[in-house]
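Its first residue numbered 89, the sequence shown is counted upward by one per residue in the numbering used here. Virtual Cβ for every residue (Gly too), placed ideally from N, Cα, C. Here's the structure we're looking at; comments come further down.
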Amino acid sequence: MLYQKEIDDSVLIQFIILFALLKADKPLAYNELLNVVLDNCNINYNDFQVALDNLVSTGHALTRLEGQHNQIYSLTQKGENAGDFFKTNIPIYIREPIEESIKQLFLEERRKNAVRAGITPVRRDEYAAECSLFDDDKTQLMSVTLYAGTREQAENIAEYFKENYDRIYEEILKCMTNQKTDE
């Protein structure tokens with residue numbers, strides 16, 4: 089939800105931009121940064137632009153051109169230190185919506201990176217499928233290596249895991265839980 093009172097303090101605006109870039113944990117395209125900040129704070133576009141330009145000119149943020157028109161912004165070490173130090177100066181009712189917005193921005197990418205499956209050679213002409221599942225915090229939830237025999241079987245297992253990871257995880261968890269309660 090957008091904080092209704094207009095934020096016109098140039099220093100606070102810079103802190104908010106530093107916070108957004110810090111929370112993103114990776115470079116943001118200009119339009120992503122703009123949307124994250126302006127969708128969650130009542131900041132005048134011109135004030136936002138002046139603050140962003142000031143962060144670049146003071147060496148807190150870097151910008152690079154990706155493609156013909158896509159500006160990418162990231163923090164320098166100086167910017168990371170300042171963002172981490174001054175994040176408490178940003179009211180919680182501004183920080184939380186920005187954090188949630190960034191979380192939603194990278195949701196699809198996190199989902200894609202959460203499921204990993206591939207094949208590895210075991211012996212000559214024998215393969216295994218290695219399947220792993222991670223949560224949002226990059227904590228490994230499950231890792232399974234299955235001997236498959238042929239390369240084609242290993243590839244089929246890996247592909248099936250990628251498409252049905254949620255059901256597989258649920259079934260394994262159910263089996264493992266029932267085993268422990270039966271003893």
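(request) Report, in whole angstroms, the separation of the C-beta atoms of I190 and I131, which I expect to be a contact under 8 Å. (result) Cβ-Cβ separation between I190 and I131: approximately 16 Å, too far for a contact (criterion under 8 Å).
(message) Taking a contact to mean a Cβ-Cβ separation below 8 Å, would you say A216 touches K250 in this structure?
(response) Taking 8 Å as the Cβ cut-off, A216 and K250 do not qualify as a contacting pair.
(message) On the criterion of 16 or more Cβ atoms from any shown chain inside 10 Å, does Q102 qualify as buried, or is it exposed?
(response) Buried.
(message) Give the list of continuous beta strand (DSSP E) stretches no shorter than 3 residues that lie fully inside the segment 149–235.
(response) Segments of the beta strand (DSSP E) lying fully in the segment 149–235: 149–154, 158–163, 203–211, 214–222.
(message) Report the CB separation of G171 from L109 in whole angstroms; it is logged as a contact under 8 Å.
(response) Sure, about 7 Å apart at Cβ, within 8 Å.
(request) Alpha carbon to alpha carbon, how far is Q137 from E184? Give it in angstroms, no decimals. (result) If you draw a straight line from the Cα of E184 to the Cα of Q137, it comes to about 22 Å.
(request) Classify C263 as buried or exposed, calling it buried when 16 or more other Cβ atoms lie within 10 Å of its own Cβ. (result) Exposed: under 16 other Cβ atoms inside 10 Å.
(message) Give me the DSSP bridge partner(s) of L116.
(response) Looking at the DSSP assignment, L116 forms a beta bridge with Y161.
(message) Nearest by alpha-carbon distance to E214: which of E240, K200, E197 is it?
(response) Nearest option by C-alpha distance: E240.
(message) Here's a check: name, in chain order, each residue in its chain whose Cβ is nearer than 6 Å to the Cβ of V272, leaving out the five neighbours to either side.
(response) Residue 272 lies beyond the residue range present for the chain, which begins at 89 and ends at 271; the question has no answer from this structure.
(message) Is it buried or exposed, Y253, if we count other Cβ atoms within 10 angstroms and call 16 or more buried?
(response) Buried is the call here.
(message) Pull the bridge partners of C263 from the DSSP assignment, please.
(response) DSSP links C263 through a beta bridge to no other residue.
(message) With three or more C-beta pairs closer than 8 Å as the rule, is the segment 218–229 touching the segment 145–163?
(response) Counting Cβ pairs under 8 Å, fewer than three are found: no touch.
(message) For the alpha helix (DSSP H) containing E134, name the first residue and the last one.
(response) Looking at the sequence shown, residue 134 is not Glu but Asn. For N134, the uninterrupted alpha helix (DSSP H) segment begins and ends at 133–145.
(message) I'd like to know whether the C-beta atoms of T208 and E197 end up nearer to each other than 8 Å.
(response) Cβ atoms of T208 and E197: not closer than 8 Å.
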